[in-house]
């Protein structure tokens, strides 16, 4: 059964378009006024939330129904491994912006309980060949602020959208058109 599950996940990875391109990272301070209330899908805070959010967003972006909890976890761990491989492949370009010793960093990042951040989001955009936009809620208003955009060389349309809560947790933002295929959480802001 595990072999069939692995094959199924490989097919899913293939359908998410996994080629690799040169790196790009842009930081912005644009505001986005979403339709109220803000619609997002809750992601477990298990150390994989960044990777789970990106995987979930990639599925929604491709028009698929949300992955099951166990599939999401497995795909998040696979994405983490691909991200670490991407760091190693791009060592000359990435070593300078990672904290501490590069070799130690990549060994630690392979562990499922280690949190990801901006460097991992950048590598996720390359692994998936997809733009990723990171939002954060403005403390003084009900708007979401774009705090980072990654992978702009893959286009600017229909990025994976993740919500950063400011304390190390990420969730996937949903567009109204893909909310029917997931289990959204509604939040009034």
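Residue numbers (UniProt numbering): 1 to 189.
Ideal Cβ positions, reconstructed from N, Cα and C, are used throughout, including at glycine.
Item to complete: Go to residue 137, then tell me how far its beta strand (DSSP E) extends in each direction, as first and last residue.
Response: 132-137
Item to complete: Just tell me which of 89, 148 and 61 has its CA closest to the CA of residue 127.
Response: 89
Worksheet item: Who are the near neighbours of residue 84 in its chain, counting only those whose CB is closer than 6 Å to its CB and skipping five residues on each side?
Response: 106, 109 and 110
Practice prompt. Decide if residue 94 is buried, meaning its Cβ has at least 16 other Cβ atoms within 10 Å, or exposed.
Written response: buried
Worksheet item: Excluding five sequence neighbours on each side, which residues of the same chain lie with their C-beta closer than 6 Å to the C-beta of residue 125?
Response: 132, 150 and 151
Discussion item. Suppose the cutoff is 7 Å on Cβ atoms and the five residues either side in sequence are ignored; what does the same chain contact list for residue 123 look like?
Written reply: 83, 86 and 87
Discussion item. Can you confirm whether the region 147-167 touches the region 47-56 when touching is taken to mean that 3 or more C-beta pairs between the two stretches lie within less than 8 Å?
Written reply: yes
Fill in: residue 164 - partner residues in DSSP beta bridges
170
Discussion item. I need the straight-line Cα distance from residue 130 to residue 155, nearest angstrom please.
Written reply: 7 Å
Worksheet entry | Residue interval of the beta strand (DSSP E) (run including residue 157) | No beta strand (DSSP E) contains residue 157, which DSSP labels as neither H nor E.
Fill in: Under the three-state DSSP convention, the category residue 118 falls into
helix
Worksheet entry | Inter-residue spacing [alpha-carbon to alpha-carbon] between residue 169 and residue 50 | 7 Å
Item to complete: Take the Cβ of residue 65 as the centre, count every other Cβ of all protein chains shown within 10 Å, and call the residue buried at 16 or more, exposed below.
Response: exposed
Worksheet item: Given residue 69, which residues of its chain have a CB within under 6 Å of its CB, disregarding the five upstream and five downstream residues?
Response: none
Discussion item. According to DSSP, residue 146 sits in a beta bridge with which residue or residues?
Written reply: 135
Worksheet item: How is residue 195 classed by DSSP in three states: helix, strand or coil?
Response: For the chain, the structure presents residues 1 to 189; residue 195 sits outside this window and is missing.
Discussion item. Measuring only the C-alpha atoms, how far is residue 118 from residue 96?
Written reply: 14 Å
Fill in: Residue environment, residue 58, which counts as buried when at least 16 other CB atoms sit within 10 Å
buried
Fill in: CB of residue 172 within 9 Å of CB of residue 79, strictly
no
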